[in-house]
Amino acid sequence: MYKKLEKCLKSIREKTDFKPEKAVILGSGLGDYAEKIQIEKIVKYTEIEGFPVSTVQGHKGQFVFGYVEDIPVVLMQGRVHYYEGYPMQDVVLPTRLMKMMGAEKILLTNAAGGVNPSFKPGDFMLITDHITTAVPSPLIGPNIEELGTRFPDMSEVYSKKLQKIIRKSAEDCGIPLQEGVYVQLTGPNYETPAEIRMVRSWGADAVGMSTACEAMAARHMGMEVCGISCITNMAAGVSDAKLNHAEVQETADRVAKDFAKLVTEVIGSI
150 MYKKLEKCLK SIREKTDFKP EKAVILGSGL GDYAEKIQIE KIVKYTEIEG
200 FPVSTVQGHK GQFVFGYVED IPVVLMQGRV HYYEGYPMQD VVLPTRLMKM
250 MGAEKILLTN AAGGVNPSFK PGDFMLITDH ITTAVPSPLI GPNIEELGTR
300 FPDMSEVYSK KLQKIIRKSA EDCGIPLQEG VYVQLTGPNY ETPAEIRMVR
350 SWGADAVGMS TACEAMAARH MGMEVCGISC ITNMAAGVSD AKLNHAEVQE
400 TADRVAKDFA KLVTEVIGSI
């Protein structure tokens with residue numbers, strides 16, 4: 150896996166020597182955000198030797214290198230999901246690669262289902278912790294010593310310091326911010342009402358199909374991690390509504406302007 154990472158990095162370095170300080174994975178509703186920054190270089194995933202390619206409709210599948218308020222960043226426009234059939238080590242390969250490019254901090258964003266009944270579609274949730282019991286750890290298998298220790302501490306996956314900054318950023322933008330625990334399940338199907346009752350009993354506030362595995366891989370490498378979910382729908386059983394991807398995308402698009410404003414403020418502050 151480390152040789153694969155080195156091959157991917159070499160492939161990128163042949164196209165750009167841009168060194169980002171911060172990395173951002175853009176979730177649903179933020180796909181167009183990358184086009185609003187000062188772009189220096191775009192590298193499509195298909196141009197990177199050995200790189201997993203996103204198959205989700207609407208995900209552009211490329212790294213965008215550029216500046217957000219004079220800060221050098223790399224944006225992942227379209228992530229890779231476990232449900233697409235990739236091994237978990239490939240799912241987190243892009244996260245690891247962005248660290249190897251030079252990024253020391255990472256902001257993870259996603260669309261998520263609301264488990265906490267006090268949430269509503271269109272809310273933003275600061276991720277304070279996560280639960281990955283239902284998906285394989287990306288660290289299973291031989292440890293890559295060049296990346297991190299065999300048994301990494303996960304007592305503070307999401308930096309408390311960065312959480313404080315995100316709270317302040319939301320306040321400065323006048324954007325209400327929920328907080329809570331994110332649970333990653335496999336997907337691609339939405340959860341059953343019984344599964345949502347289960348994760349609620351675990352302490353979940355939101356549920357989705359990405360992000361937590363990326364956070365774990367980033368912490369393994371020593372990155373500072375923070376995350377924000379856009380609550381695009383209430384999870385099964387929390388409301389009577391049937392779930393469909395079009396509705397999720399519609400909500401994400403509706404609040405995209407505020408999400409972009411918040412992300413810009415956060416990047417400038419962390």
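What the sequence shown shows, in our numbering, is residues 150 to 419, in sequence order.
For glycine and all other residues, C-beta sits at the position ideal for the given N, C-alpha and C.
According to DSSP, residue pairing for D219 in a beta bridge does not occur. Annotated as distal: E373 and S318, with beta-carbon spacing of 8 Å or more. C-alpha of E198 to C-alpha of L154: approximately 10 Å in a straight line. Going by beta carbons, G376 and E218 fall outside the 8 Å limit. With a cutoff of 8 Å on beta-carbon distance, Q226 and A183 are scored as near each other. Here V192 is not near G262, since their CB atoms are 8 Å or more apart.
Apart from sequence neighbours up to five positions away, the residues of its chain that approach P285 with a beta-carbon distance below 6 Å are M237, ordered along the chain.
For T165, same chain residues with a beta-carbon under 8 Å away, outside a window of 5 residues either side, are E189, K190, V192 and F214 in chain order.
Closest in C-alpha terms to C157, from the list K185, V202 and L179, comes V202. Secondary-structure assignment with DSSP links S388 through a beta bridge to A385. Selection L311, Y235, Y231 and G251 evaluated against L224 yields G251 as nearest (Cα-Cα).
For G386, the CB contacts under 7 Å within the same chain, skipping 5 residues up- and downstream, are P342, I345 and R346 in chain order.
Per DSSP, I255 lies in no alpha helix (DSSP H) segment; the continuous beta strand (DSSP E) that holds it begins and ends at K254 to G263.
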